[in-house]
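Trainee: Can you keep this structure in mind? I'll have questions shortly.
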Amino acid sequence: MCRILGVSRAQYYRYQSPKPSKRRAEDKDLKQRILRIFAEFKQRYGVMKIHHELNLELQPLQRRCSPRRISRLMKELDIHSVTVNKWKAASASKTKVEQRPNLLKQDFSTTGLNQKWTADITYIQTKRNGWCYLSTIMDLHSRRIIGYSFSKKMDTDLVLKTLESAGKNRTITGDLIIHTDLVSQYTSDDYN
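In terms of the UniProt record's numbering, the sequence shown opens at residue 1 and continues consecutively.
Following this line, the structure appears as structure tokens:
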């Protein structure tokens, strides 16, 4: 039968009763160690740091493991380190920001709704999209958020959508004061 199939008898018997090779047994042991180290360091360690920790662990056993092998085993396990990008402040604008009078003058008291609103942008770091931005408007009388918008970009469009959202929830009157920072999004011609 082996002759008809073009397979040697050794290959046939090896196929019938496979014995795990020494390399496969080592890989299985290394995979368990890699998973343990990966979990121990909160999924933050990549190939090189796992390589360092693993070789410290294997040193008493007179064994070593290359970064390339660890990389291959991590791919087989489908694990990747979680990377966190450091936050960088936006570069300073070359155009001079027009100074605006502070109409609020730290007087946050109101007698009714829609007299004084305050707006701000919050930076939020996400795993999937990196830095995202939440723009909100709060009515100082009710202390409630009356409009918000969320975006991957911190641009004028973000604050305009927030203003539209607030306009749908409340009536904008002529004597309304909207207090904001003097960042470029709020000082743009489109916003004013």
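Cβ coordinates follow ideal geometry from the N, Cα and C atoms, glycine included.
1. To the nearest angstrom, report how far apart N114 and I121 are at their CA atoms.
2. Residues in the same chain with beta-carbon distance under 6 angstroms from V47, minus the five sequence neighbours each way, listed in chain order, please.
3. Can you name the residues that DSSP bridges to F150?
4. Quick test of your reading: G147 and L163, contact by CB under 8 angstroms. State the CB separation rounded to the nearest angstrom.
5. What's the call for T111, buried or exposed, on a 16-neighbour Cβ count within 10 Å?
6. Which word fits I50, buried or exposed, when buried means at least 16 other C-beta atoms lie within 10 angstroms of its C-beta?
7. Do L77 and C65 have their C-beta atoms closer together than 8 angstroms?
8. Decide if S142 is buried, meaning its Cβ has at least 16 other Cβ atoms within 10 Å, or exposed.
9. Which residue spans inside the region 18-92 form an unbroken alpha helix (DSSP H) run of at least 4?
Mentor: This is what the structure gives:
1. When the Cα atoms are used, N114 and I121 turn out to be separated by approximately 20 angstroms.
2. So the list reads P67, I70 and S71, once near-sequence residues are dropped.
3. Paired residues: L134.
4. With a Cβ gap of about 7 angstroms, G147 and L163 count as contacting.
5. Counting Cβ neighbours within 10 Å, T111 comes out exposed, since fewer than 16 surround it.
6. Around the Cβ of I50, a 10 Å sphere holds 16 or more other Cβ atoms; the residue is buried.
7. Cβ atoms of L77 and C65: not closer than 8 angstroms.
8. Answer is exposed; the Cβ neighbour count stays below 16.
9. Taken in chain order, the complete alpha helix (DSSP H) segments of 4 or more residues contained in the region 18-92 are 22-40, 47-58 and 67-77.
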